[in-house]
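2 protein chains.
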Amino acid sequence: MKLSVGIDIGGTNTAFGLVDESGRIVARGNISTRNNTDFQDYVNQVSDGIRQLLGQTNGAELLGIGIGAANGNYFSGCIENAANLPWKGLVKIVEAFENQFGVPVFLTNDANAAAIGEMVYGGAKGMTDFIEITLGTGLGSGIVTGGKMLYGHDGFAGECGHVIVERGGRDCGCGRKGCLETYVSATGVVRTATELLAKRNIDSELRSIPNSELTALKVSQAASRGDAIAKEVFEFTGEMLGRALADFVAITSPQAIFLFGGLAKAGEILFEPVRRSMEANMLNIFKNKTQVLPSQLGDDAAILGSAALVSFNQ
Amino acid sequence: MKLSVGIDIGGTNTAFGLVDESGRIVARGNISTRNNTDFQDYVNQVSDGIRQLLGQTNGAELLGIGIGAANGNYFSGCIENAANLPWKGLVKIVEAFENQFGVPVFLTNDANAAAIGEMVYGGAKGMTDFIEITLGTGLGSGIVTGGKMLYGHDGFAGECGHVIVERGGRDCGCGRKGCLETYVSATGVVRTATELLAKRNIDSELRSIPNSELTALKVSQAASRGDAIAKEVFEFTGEMLGRALADFVAITSPQAIFLFGGLAKAGEILFEPVRRSMEANMLNIFKNKTQVLPSQLGDDAAILGSAALVSFNQ
Numbered sequence: 568m569k570l571s572v573g574i575d576i577g578g579t580n581t582a583f584g585l586v587d588e589s590g591r592i593v594a595r596g597n598i599s600t601r602n603n604t605d606f607q608d609y610v611n612q613v614s615d616g617i618r619q620l621l622g623q624t625n626g627a628e629l630l631g632i633g634i635g636a637a638n639g640n641y642f643s644g645c646i647e648n649a650a651n652l653p654w655k656g657l658v659k660i661v662e663a664f665e666n667q668f669g670v671p672v673f674l675t676n677d678a679n680a681a682a683i684g685e686m687v688y689g690g691a692k693g694m695t696d697f698i699e700i701t702l703g704t705g706l707g708s709g710i711v712t713g714g715k716m717l718y719g720h721d722g723f724a725g726e727c728g729h730v731i732v733e734r735g736g737r738d739c740g741c742g743r744k745g746c747l748e749t750y751v752s753a754t755g756v757v758r759t760a761t762e763l764l765a766k767r768n769i770d771s772e773l774r775s776i777p778n779s780e781l782t783a784l785k786v787s788q789a790a791s792r793g794d795a796i797a798k799e800v801f802e803f804t805g806e807m808l809g810r811a812l813a814d815f816v817a818i819t820s821p822q823a824i825f826l827f828g829g830l831a832k833a834g835e836i837l838f839e840p841v842r843r844s845m846e847a848n849m850l851n852i853f854k855n856k857t858q859v860l861p862s863q864l865g866d867d868a869a870i871l872g873s874a875a876l877v878s879f880n881q
Numbered sequence: 568m569k570l571s572v573g574i575d576i577g578g579t580n581t582a583f584g585l586v587d588e589s590g591r592i593v594a595r596g597n598i599s600t601r602n603n604t605d606f607q608d609y610v611n612q613v614s615d616g617i618r619q620l621l622g623q624t625n626g627a628e629l630l631g632i633g634i635g636a637a638n639g640n641y642f643s644g645c646i647e648n649a650a651n652l653p654w655k656g657l658v659k660i661v662e663a664f665e666n667q668f669g670v671p672v673f674l675t676n677d678a679n680a681a682a683i684g685e686m687v688y689g690g691a692k693g694m695t696d697f698i699e700i701t702l703g704t705g706l707g708s709g710i711v712t713g714g715k716m717l718y719g720h721d722g723f724a725g726e727c728g729h730v731i732v733e734r735g736g737r738d739c740g741c742g743r744k745g746c747l748e749t750y751v752s753a754t755g756v757v758r759t760a761t762e763l764l765a766k767r768n769i770d771s772e773l774r775s776i777p778n779s780e781l782t783a784l785k786v787s788q789a790a791s792r793g794d795a796i797a798k799e800v801f802e803f804t805g806e807m808l809g810r811a812l813a814d815f816v817a818i819t820s821p822q823a824i825f826l827f828g829g830l831a832k833a834g835e836i837l838f839e840p841v842r843r844s845m846e847a848n849m850l851n852i853f854k855n856k857t858q859v860l861p862s863q864l865g866d867d868a869a870i871l872g873s874a875a876l877v878s879f880n881q
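Residue numbers (the working numbering), protein chains in the order written: chain A, 568 to 881; chain B, 568 to 881.
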């Protein structure tokens, strides 16, 4: 049996798994990221965990290791200045795991890993040009053109969440104003809900929830129960995303755009206005050509996407 | 001697030339595009012209033919519904020239041809990730990522002139509003000048020119003589382009952006505000990494860029 290892490094936990060539996770483990402030200790622990899993398989051949992490740079093999991880500066993570296993190790950021996972195991099988949009706390993106990941000259391409969609708009964590992710993300949905609770003078079940406890999931549940403000929140979110997607299509002309992450699970209440707004804002030559689809990667997306880096690069 | 042919199809004229491997045009010719409404006649005439030029060289080997034309589609080999050319619908131009010469023939649009010319003969030699912005009546763009032309799934990627930069903004020829090219192009400069003549209550030499005779060149000349409104026009144009470039960098992370075409010849009066606005609007991780440079392609850019398609594809 030939296996790849996928390692998904999140701010809280690190999940890893052995993935066979059909895209099935045959064994998995996880450790805390947050509590492992010493990087070498962390690498040793993850490596021990992987060796333990490999020991349970019957003479499996290890093809390589793929790592997905915020600010993971494909070219440098380093995690670079990640705000939400315990290790500061440039972290030479590819080198660290090569030293442990002596197999090829690949690193990319989480959104790119999701895009590669979509291409190798998900809804983008056989596609050469598509965009993966990851909707979480922020908005990430991985762009595939001509069958290749678009990395740019420094490995940082695909920061679609920081395209400015509203001059002088909402404050963004990046220090600027009006970035797409301040409107279109789980956080953006909560901000829109808060804004509409001020703007509209109608009843809403969202009014009984303290602002600090409001989540995109609660807004989506309220919308599915017919709450007018909650419905307007998704209408607005879809409008904003659709506009931005029309611009992205003009630049990279993808066959499909996949929406991935918790917010994408809201379903048609999000997808319908996104498609409507994208087509309404689309340049003629691109109209009715680009599909907007839910990701076909399930809960194991992060491990699968990271593991897919290995086969994608061979 | 090994030669490529470059054919540049403009709305008025078609220029063609024999280009040697160092990027020198060794012979050239041109015929009217506009007056040749019969496509097969047109192909015959261009082909006769090329054969005549080849006859003057001493036993040259013809490597291939590159064609740059508005709406030229690399994948289909057809000019598709070009508004400013005399042939309607899908025009199988690659096939037509293959039949004439029996050598490889490549087609792309004019902005992509300029990008490839920049990479093969111009300022982008050795670069793998850059954007070529062509500033003429409109704004075209050719995007190179990872050393390859970004075509998208249908060959139409790189329509950066139709990214919407101002919701509900200026009417665009594409039928929508607020497209980048309505602000940043030779036409955009004239519109901005007209707008500022209405908005500002100060003297300007532009006030003595009828609106229909106002050109970007006249505005740029007035600016170089210190005309306050003309200077503000370029300040505004640079601000608008810089904002858009910051967004393009977030998406494709190029090493450099080249400005090509008549308007780019305005020099620092344009480049200075473009750079300033781009950096002011740039996401932190991209700051001070992307150069904004004048194209190094001269007046022969269109022929050279088209001819470069041949070596780029071999």
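Even glycine gets a Cβ: it sits at the ideal position worked out from N, Cα and C.
Computed from a predicted structure; not experimentally measured.
Taking Cβ-Cβ distances shorter than 7 Å, what residues in chain B pair up with residue i?
i	result
Ile-824 (chain A)	Chain B residues near Ile-824 (chain A): none, gap ~11 Å exceeds 7 Å.
Ser-885 (chain A)	This structure cannot settle anything about residue 885 (chain A), because the visible part of chain A is limited to 568 through 881.
Ile-852 (chain A)	Phe-723
Between residue i and chain A, is there a C-beta pair that is closer than 9 Å?
i	result
Thr-695 (chain B)	yes
Phe-723 (chain B)	yes
Ala-649 (chain B)	no
Arg-734 (chain B)	yes
Lys-715 (chain B)	yes
Arg-737 (chain B)	no
Ala-680 (chain B)	no
Ala-817 (chain B)	yes
Tell me, to the nearest whole angstrom, how far the beta carbon of residue i is from that of residue j; I am working on the premise that it is less than 8 Å.
i	j	result
Gly-604 (chain A)	Thr-579 (chain A)	Per the sequence shown, the amino acid found at residue 604 (chain A) is Thr instead of Gly. Thr-604 (chain A) to Thr-579 (chain A), Cβ: 14 Å. No contact.
Leu-826 (chain B)	Pro-861 (chain B)	6 Å
Gly-693 (chain A)	Thr-701 (chain A)	No, Gly-693 (chain A) and Thr-701 (chain A) are not in contact; Cβ-Cβ is about 21 Å, not under 8 Å.
Phe-853 (chain B)	Ala-823 (chain B)	Actually they are not in contact, since the Cβ atoms of Phe-853 (chain B) and Ala-823 (chain B) sit about 13 Å apart, beyond 8 Å.
Ile-710 (chain A)	Thr-819 (chain A)	6 Å
Leu-717 (chain B)	Thr-712 (chain A)	5 Å
Ile-634 (chain B)	Ile-574 (chain B)	5 Å
Val-687 (chain A)	Ala-875 (chain A)	4 Å
Leu-808 (chain B)	Gly-689 (chain B)	In fact, because the Cβ distance is near 20 Å, the residues do not count as touching under 8 Å.
Would residue i count as contacting chain B if we go by Cβ distances under 9 Å?
i	result
Ala-813 (chain A)	yes
Cys-645 (chain A)	no
Thr-754 (chain A)	no
Ala-637 (chain A)	no
Thr-749 (chain A)	no
Arg-810 (chain A)	yes
Thr-712 (chain A)	yes
Give the straight-line distance between the Cα atoms of residue i and residue j, rounded to the nearest whole angstrom.
i	j	result
Glu-699 (chain A)	Leu-630 (chain B)	40 Å
Tyr-750 (chain A)	Asn-880 (chain A)	34 Å
Gly-577 (chain B)	Arg-810 (chain A)	32 Å
Gly-714 (chain A)	Val-877 (chain A)	15 Å
Trp-654 (chain A)	Ala-869 (chain A)	20 Å
Lys-766 (chain B)	Ala-760 (chain B)	10 Å
Ser-752 (chain A)	Phe-801 (chain B)	36 Å
Ser-844 (chain B)	Gly-745 (chain A)	16 Å
Glu-762 (chain A)	Ala-678 (chain A)	28 Å
Phe-697 (chain A)	Ala-594 (chain B)	43 Å
Gln-623 (chain A)	Leu-585 (chain A)	11 Å
Gly-805 (chain B)	Val-610 (chain B)	41 Å
Ser-873 (chain A)	Asp-867 (chain A)	10 Å
Val-572 (chain A)	Ile-632 (chain A)	5 Å
Gly-703 (chain A)	Ala-680 (chain A)	15 Å
Thr-695 (chain B)	Gly-719 (chain A)	8 Å
Phe-642 (chain A)	Leu-652 (chain A)	20 Å
Leu-784 (chain A)	Glu-799 (chain A)	15 Å
Gly-590 (chain A)	Phe-583 (chain A)	14 Å
What residues of chain A sit near residue i, judged by a beta carbon separation below 8 Å?
i	result
Asn-848 (chain B)	Ile-731 and Arg-743
Thr-704 (chain B)	Here the premise fails: no neighbours, minimum Cβ distance about 17 Å.
So with CB distances below 7 Å, who are the chain A contacts of residue i?
i	result
Lys-856 (chain B)	Asp-721
Ala-875 (chain B)	Per Cβ cutoff of 7 Å: no residues; Ala-875 (chain B) is ~19 Å from chain A at best.
Given that residue i touches chain E, what residues does it touch there, using C-beta distances under 7 Å?
i	result
Thr-675 (chain A)	Absent here is chain E; the protein component of the structure consists of chains A and B.
Starting from the beta carbon of residue i, find every residue of chain B whose beta carbon is closer than 8 Å, and list them in chain order.
i	result
Thr-907 (chain A)	Chain A is shown from 568 up to 881; residue 907 (chain A) falls before or after that span and cannot be answered.
> What are the start and end residues of each continuous beta strand (DSSP E) run of 3 or more residues lying completely inside the stretch 770-823 of chain B, in chain order?
Replying inline: none
>> For a minimum of 3 consecutive residues, which ranges assigned as the beta strand (DSSP E) are wholly contained in the stretch 576-663 of chain A?
In response: 580-587, 592-599 and 628-636
> Can you list the beta strand (DSSP E) stretches of 3 or more residues lying completely in the stretch 838-876 of chain B, in chain order?
Replying inline: 858-861
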